[in-house]
Amino acid sequence: MYFFLILQLHSDIDSGDGNIKYILSGEGAGIIFVIDDKSGNIHATKTLDREERAQYTLTAQAVDRNTNRPLEPPSEFIVKVQDINDNPPEFLHENYHANVPERSNVGTSVIQVTASDADDPTYGNSAKLVYSILEGQPYFSVEPQTGIIRTALPNMDREAKEEYHVVIQAKDMGGHMGGLSGTTKVTITLTDVNDNPPKFPQSKMISRMIGMPALIWRKSFETHKSISAACL
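Rendered as structure tokens:
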């Protein structure tokens, strides 16, 4: 059973009397591609996948049906498999882990996540990826073209919350409707900076002197009187 027509060959010397036979050779001939030896029509016997093979080089020739004598020089042609968007983006890792100092400035780079698409990058937008953040806002953002995750809020405090879970999506077709997508998870941990002064366990310290009162003598040379004071 033939799936679809690839090419129609016809020799100028073919009068339609059935004396000409068309033969096919080359990559996939007789297995993937077959030729009708009377009409010269070439068909594919199965669905072609560009990711398996992007092109095939074949040779067709018209010969005498009775003697197999070539009637014309062979014709070489290339069958190129046209790409369709049938592969979703895939991230290099299913899970990422990153650290960033607490209280970092807005826009501080945290980590870059990268996805790839097996579709043809030279044809249409099948492999044109756009990154977006599905979970993790408003704390973090992602650059649509590069996949770089950045801080989006100022003064994030590790003592208030230490770990954040972010989900990033990569979508092909330039992010437009109908594009295929893939996701990855990123765990971001705030690292400590020296932003808290030491604190004593009590707000007031009480000092008490224990022992016998001490007697302090002071002599006035002007009045020649002795003055005493007791310190409790």
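Residue numbers (our numbering): 8 to 239. Using N, Cα and C, we set each Cβ at its ideal position, and we do this for glycine too.
Buried or exposed (CB count within 10 angstroms, at least 16 for buried), residue i
| i | result |
| --- | --- |
| threonine 64 | exposed |
| alanine 167 | exposed |
| methionine 163 | buried |
| tyrosine 29 | buried |
| valine 200 | exposed |
| asparagine 94 | buried |
| isoleucine 217 | In this prediction, isoleucine 217 scores a pLDDT of 48, lower than 50, which makes its location untrustworthy; the coordinate-derived value is nonetheless stated afterwards. Under this definition isoleucine 217 is an exposed residue. |
| threonine 158 | buried |
Contact with chain C by residue i, beta-carbon distance below 9 Å
| i | result |
| --- | --- |
| asparagine 106 | Going by chain labels, chain C is absent from the structure shown, which holds only one protein chain. |
Between the CA atoms of residue j and residue i - distance to the nearest angstrom
| i | j | result |
| --- | --- | --- |
| isoleucine 223 | glutamate 169 | Since pLDDT at isoleucine 223 reaches only 45, below the 50 mark, its modelled position is unreliable, and no value is offered. |
| glycine 114 | isoleucine 175 | 17 Å |
| proline 81 | glutamate 59 | 27 Å |
| tyrosine 103 | valine 193 | 5 Å |
| glycine 37 | leucine 31 | 8 Å |
| glutamate 79 | aspartate 71 | 10 Å |
| proline 108 | glutamine 89 | 48 Å |
| proline 205 | serine 116 | 30 Å |
| isoleucine 195 | aspartate 56 | 39 Å |
| threonine 129 | asparagine 73 | 46 Å |
| serine 133 | alanine 61 | 15 Å |
Whole-Å CB distance - residue i paired with residue j, under 8 Å assumed
| i | j | result |
| --- | --- | --- |
| leucine 136 | alanine 105 | That belief does not hold up - the Cβ atoms of leucine 136 and alanine 105 are roughly 20 Å apart, past 8 Å. |
| leucine 141 | threonine 190 | 7 Å |
| alanine 69 | isoleucine 27 | 5 Å |
| isoleucine 49 | isoleucine 42 | 5 Å |
Start and end residues, beta strand (DSSP E) containing residue i
| i | result |
| --- | --- |
| glutamate 170 | 170-178 |
| aspartate 71 | 62-71 |
| asparagine 102 | 102-108 |
| glutamine 15 | 11-15 |
| alanine 51 | 48-51 |
| glycine 182 | Careful: glycine 182 lies outside any beta strand (DSSP E) and carries neither H nor E. |
Inset, instruction - Determine, using beta-carbon pairs with one atom in the segment 85-99 and one in the segment 120-131, whether at least three such pairs fall under 8 Å. - result: Yes: the two stretches touch, three or more of their Cβ pairs being nearer than 8 Å.
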